[in-house]
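K.L.:
Structural data, given as structure tokens:
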């Protein structure tokens, strides 16, 4: 995989305390995909690297795709190699650069800031922790529920939060429509209460918002 040299990033020596730097005026546009820490969501990795998803990203002007693959590096490597080759066959446009990273216990704040600066997109599994972190940074969020889970509250959560314009819900079987929808969504996404604002004691907690969104009001 080609390194994101324009971000001064070396994938073999990444340090959370020495984050990527952003060049002012850069025309790069980043889509970051996070699959979670506990169990790899391999179907999401495979889906975002399908030709239809790659084409949708390129149509929306994305230049770089960064995937947090966790323990599923083998799946990422296999799918990303084929996807990268396919983009290079289209000489009319710049190839989409695809890179992957492991999971960082320190969190993914660097990656979310990168998306924020490039006016890009986060594609995430439907875990509440990842949703909260993305919403904190006010980045456009496309959430993909894992339909393979037995007790699937992820679908309920994603549907409810999409209804309130916090995010766009995607289908792991076909992400292209949701990727296209996410561009228009950027102009109407609901403001999420900043966790670290000066008046944070007066803002609703994430749990309160979740309860309200899901219809669990007293």
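Residue numbers (our numbering): 167 to 384.
All C-beta atoms in this analysis are idealised placements derived from N, C-alpha and C, irrespective of residue type, glycine included.
Since the structure is predicted, the reported quantities are computational estimates derived from the model, not experimental observations.
I need the DSSP call for residue 200, collapsed to helix, strand or coil.
P.N.:
Here residue 200 is taken as the residue at index 34 of the chain shown, counted from 1. Here residue 200 carries a strand assignment [DSSP, helix/strand/coil].
K.L.:
Tell me the DSSP bridge mates of residue 234?
P.N.:
Position 68 of the chain shown, counting from 1, holds the residue named residue 234. Paired residues: 200 and 267.
K.L.:
Let me confirm a value: residue 245 is counted as buried when at least 16 other C-beta atoms fall within 10 Å, else exposed. Which label applies?
P.N.:
Along the chain shown, one-based indexing puts residue 245 at 79. Counting Cβ neighbours within 10 Å, residue 245 comes out buried, since at least 16 surround it.
K.L.:
How many angstroms separate the CA atom of residue 206 from the CA atom of residue 271?
P.N.:
Stepping through the chain shown from its first residue, residue 206 is reached at position 40. Stepping through the chain shown from its first residue, residue 271 is reached at position 105. The straight-line gap separating the alpha-carbon atoms of residue 206 and residue 271 is approximately 15 Å.
K.L.:
To which residues does DSSP link residue 337 through a beta bridge?
P.N.:
Counted from its first residue, the chain shown places residue 337 at position 171. Residue 337 is bridged to 340.
K.L.:
Are residue 199 and residue 233 touching if we call contact CB-CB under 8 Å?
P.N.:
Walking along the chain shown from the start, residue 199 turns up at place 33. Walking along the chain shown from the start, residue 233 turns up at place 67. In this structure, residue 233 lies closer than 8 Å to residue 199 by Cβ.
K.L.:
I need the DSSP call for residue 262, collapsed to helix, strand or coil.
P.N.:
The residue you call residue 262 lines up with position 96 of the chain shown. Correct three-state label for residue 262: coil.
K.L.:
Could you check which residue in 285, 335, 218 and 239 has the C-alpha nearest to that of residue 269?
P.N.:
Position 103 of the chain shown, counted from the start, is the residue given in the question as residue 269. Ranking the options by Cα distance to residue 269, first place goes to 239.
K.L.:
Flag this pair as yes or no: are the beta carbons of residue 262 and residue 287 separated by less than 8 Å?
P.N.:
In the chain shown, counting from the first residue as 1, residue 262 sits at position 96. In the chain shown, counting from the first residue as 1, residue 287 sits at position 121. The answer is no: Cβ separation not under 8 Å.
K.L.:
For the alpha helix (DSSP H) containing residue 296, list its first residue and its last residue.
P.N.:
Position 130 of the chain shown holds residue 296. It spans 294-302 - the alpha helix (DSSP H) in which residue 296 sits, taken as one unbroken run.
K.L.:
DSSP has residue 290 in a bridge; who is on the other side?
P.N.:
Here the question's residue 290 lines up with position 124 in the chain shown. In the DSSP output, where bridge partners are listed per residue, residue 290 has 200 and 309.
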